[in-house]
Amino acid sequence: MREIELSIMDHGQDFIAELNALLEEFHAQSGYLVRLRILPWKSAWAELVKVALYGEGPVVSEIGSTWVSDFVGMNALKPFNGQEISRLGGSAQFIKTAWDSVSLTGVTDVVPNVWAIPWLSDTRLLYYRKDLLERAGVNPETGFKAIQELDQALSKIQRSSETFSPWVVPTSSSRMSIHNLASWIWGAGGDFVTPDHKHTLFTSPESKAGIYAYFELYHYMSQDAYKLDEIASDRLFWSGNAAMTISGPWLMKEKAISDDITRNVGKTLPPGIPYVGGSHLVVWRNGDIHGPAIDLIRFLVSQDAESRLFEKFGVLPTRLDVLSSSAFAQDPFYTRLAQGLLEGRSFYPFTLWGLLENKLTDAISAVWDEIMTVNKPDIRFIVDRHFDPLARRLNITLSS
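Dropping the structure here:
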């Protein structure tokens, strides 16, 4: 029997069941049975690094969009040629921010290699408890479109009750932290690096203004919200112990959420400029069935497959024709969300981005740790103490 192995992140049992149904259809069409390998989010990076280093495992994998540069640096991926890209629909089929992350910027190639194909998109969403906001007199339609308005809304929520945390976000080491912080940095007019990737920008006055504002929200976090990773942060919200949070589209899929909480949760885009990430499909160099691998990717990124995954599970597509479909147009929230995906930004896909992201993730965690262990923390002093020396060290690496 002809087989091909595909690895994906763990998007939940229902998603996997629908994906298996799609893969049965692919089997019927192509004659290739797809063996599906599910990777837990916590260990997915480490597992895929083993595939990259040892050349054993799946032929096609779902990877985080910001991981492309790391695996290209390991010489682990097969590039897509022009004919294959045409068969897959070409760049015009996809959200611009998604397509921008499939090639490395700053390379000397006349036509940069395409190393991945966008599959699922992702953005940060601001979730709120409608009942708690109403009690505090906060209008979710106008109450937090700007960073300053969010601060004012949280202050009102805090004054309305002391039985829950007005705000919760991940505060222990989490890759989600930099995704959350990005909206504040971009919204304040800042950025992470210069366009040529030779110098950092996250300590510019504009970036610092956004970073200070983000960490100042600690005022609205109860002790229960301290030192949580992304899973525990999500749990504090959906268990009814927090009024607002930032998370991904997966948050409200937790089966343990009570009906009362579900009815009372609203969602919108966060203030600032939305972060747009997601996942791509790649072909590993170790694969010896390149043609069928391309056929599988073409099938998974088709309009039909992406539409089905969105309509059943709310998984966000990367295809523009799905974003403009009636499924988005009929729901005001998804209409706004589609606009956010089109107007949002992503991180620069360059060779050293992975290093910069890891160092910033550690710095964000260190800032939160200090904020939560000292009395009356000076946010500006703490941020400067961790971010300024990091910027100096990274500038030496980036400019060399």
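Just so you know, we're using this note's numbering here: the sequence shown kicks off at 8 and counts up by one. The beta-carbon is built from N, C-alpha and C at its ideal position, and this holds for glycine as well.
Handout entry: the region 236 to 252 contacting the region 213 to 225, beta-carbon criterion three pairs below 8 Å
Key = no
Problem - Among Lys49, Val56, Gly97 and Gln165, nearest to Trp74 - alpha-carbon criterion - result: Val56
Exercise for the section: Excluding the 5 residues preceding and the 5 following Ala398 in the sequence, name in chain order all residues of the same chain whose CB lies nearer than 7 Å to its CB. Expected result: Thr207, Phe209 and Thr210
Exercise for the section: To the nearest angstrom, report how far apart Ala263 and Ser128 are at their CA atoms. Expected result: 25 Å
Practice task
Please report how far the alpha carbon of Leu84 lies from the alpha carbon of Ala195, in whole angstroms.
Solution key: 36 Å
Exercise for the section: Go through its chain and collect everything with a Cβ distance to Leu327's Cβ below 6 Å, but skip five positions before and after it. Expected result: none
Practice task
Taking 8 Å as the threshold, find out whether the region 351 to 368 comes into contact with the region 62 to 73 through three or more Cβ pairs.
Solution key: yes
Problem - DSSP bridge partner residues for Tyr225 (one or two, in chain order) - result: Answer by DSSP bridge pairing: none, since Tyr225 is not bridged.
Handout entry: Span of the alpha helix (DSSP H) around Tyr61
Key = Trp48 to Tyr61
Handout entry: Cutoff 7 Å; reference Lys366; Cβ partners in own chain excluding five residues on either side
Key = Leu397 and Leu401
Handout entry: According to DSSP, residues forming a beta bridge with Ile15
Key = Ile45
Exercise for the section: Please specify which runs of the beta strand (DSSP E), each continuous and at least 3 residues long, are wholly inside the region 238 to 306, giving them in chain order. Expected result: 249 to 254, 272 to 275 and 283 to 290
Practice task
List in chain order: all unbroken beta strand (DSSP E) runs of 3+ residues lying wholly within the region 89 to 146.
Solution key: 124 to 130 and 132 to 136
Practice task
Specify the secondary structure class of Gly71 as computed by DSSP and reduced to three states.
Solution key: strand
Practice task
Output the distance between the C-alpha atoms of Pro125 and Val289, rounded to the nearest integer angstrom.
Solution key: 9 Å
Problem - Through-space distance from Asp231 to Ala99, alpha-carbon basis - result: 46 Å
Practice task
Have a look at Thr115 and Ser184 and give me their C-alpha separation to the nearest angstrom.
Solution key: Bear in mind that a pLDDT of 47 at Thr115, under 50, signals an unreliable position, so the model cannot answer this.
Handout entry: C-beta atoms of Leu13 and Val200 nearer than 8 Å
Key = no
Practice task
Write down the C-beta distance between Glu63 and Asn293 rounded to the nearest angstrom, noting that I regard them as a contact closer than 8 Å.
Solution key: 7 Å
Problem - Within 8 Å, strictly: CB atoms of Met251 and Pro177 - result: no
Practice task
Specify the secondary structure class of Arg9 as computed by DSSP and reduced to three states.
Solution key: coil
Problem - Arg166 classed as buried or exposed, judged by whether at least 16 other C-beta atoms fall within 10 angstroms - result: exposed
Exercise for the section: Since I believe Trp291 is in contact with Ser68 (beta carbons under 8 Å), could you give me their beta-carbon distance rounded to a whole number of angstroms? Expected result: 7 Å
Problem - 8 Å Cβ cutoff met for Val299 and Ile11 - result: Rather than Val, the amino acid found at residue 299 in this sequence is Pro. Yes; because the gap between Cβ atoms is below 8 Å, this pair is in contact.
Exercise for the section: Spell out the partners DSSP gives Pro396 in its beta bridges. Expected result: None, per the DSSP bridge assignment.
Problem - Member of Gly144, Asp267, Gly19 and Pro277 whose CA lies at the smallest distance from the CA of Trp193 - result: Pro277
Handout entry: Bounding residues of the alpha helix (DSSP H) (the contiguous stretch that carries Ser333)
Key = Ser333 to Ala336
Practice task
In the DSSP assignment, find the unbroken beta strand (DSSP E) run with Pro173 in it and report its ends.
Solution key: Ser172 to Val175
Practice task
Using a threshold of 8 Å, state whether the C-beta atoms of Thr358 and Leu29 are closer than that.
Solution key: no
Exercise for the section: For Pro339, name the three-state secondary structure that DSSP assigns. Expected result: helix
Exercise for the section: Please classify Met81: is it buried, with 16 or more other beta-carbons within 10 angstroms of its beta-carbon, or exposed? Expected result: exposed
Exercise for the section: Run the CB neighbour count on His204, radius 10 Å, all protein chains shown included, and call it buried at 16 or more, exposed below. Expected result: buried
Practice task
Whole angstroms is fine: what's the gap from Gly279's alpha carbon to Ile154's?
Solution key: 7 Å
Problem - Distance between His226 and Ala53 (C-alpha atoms, nearest Å) - result: 35 Å
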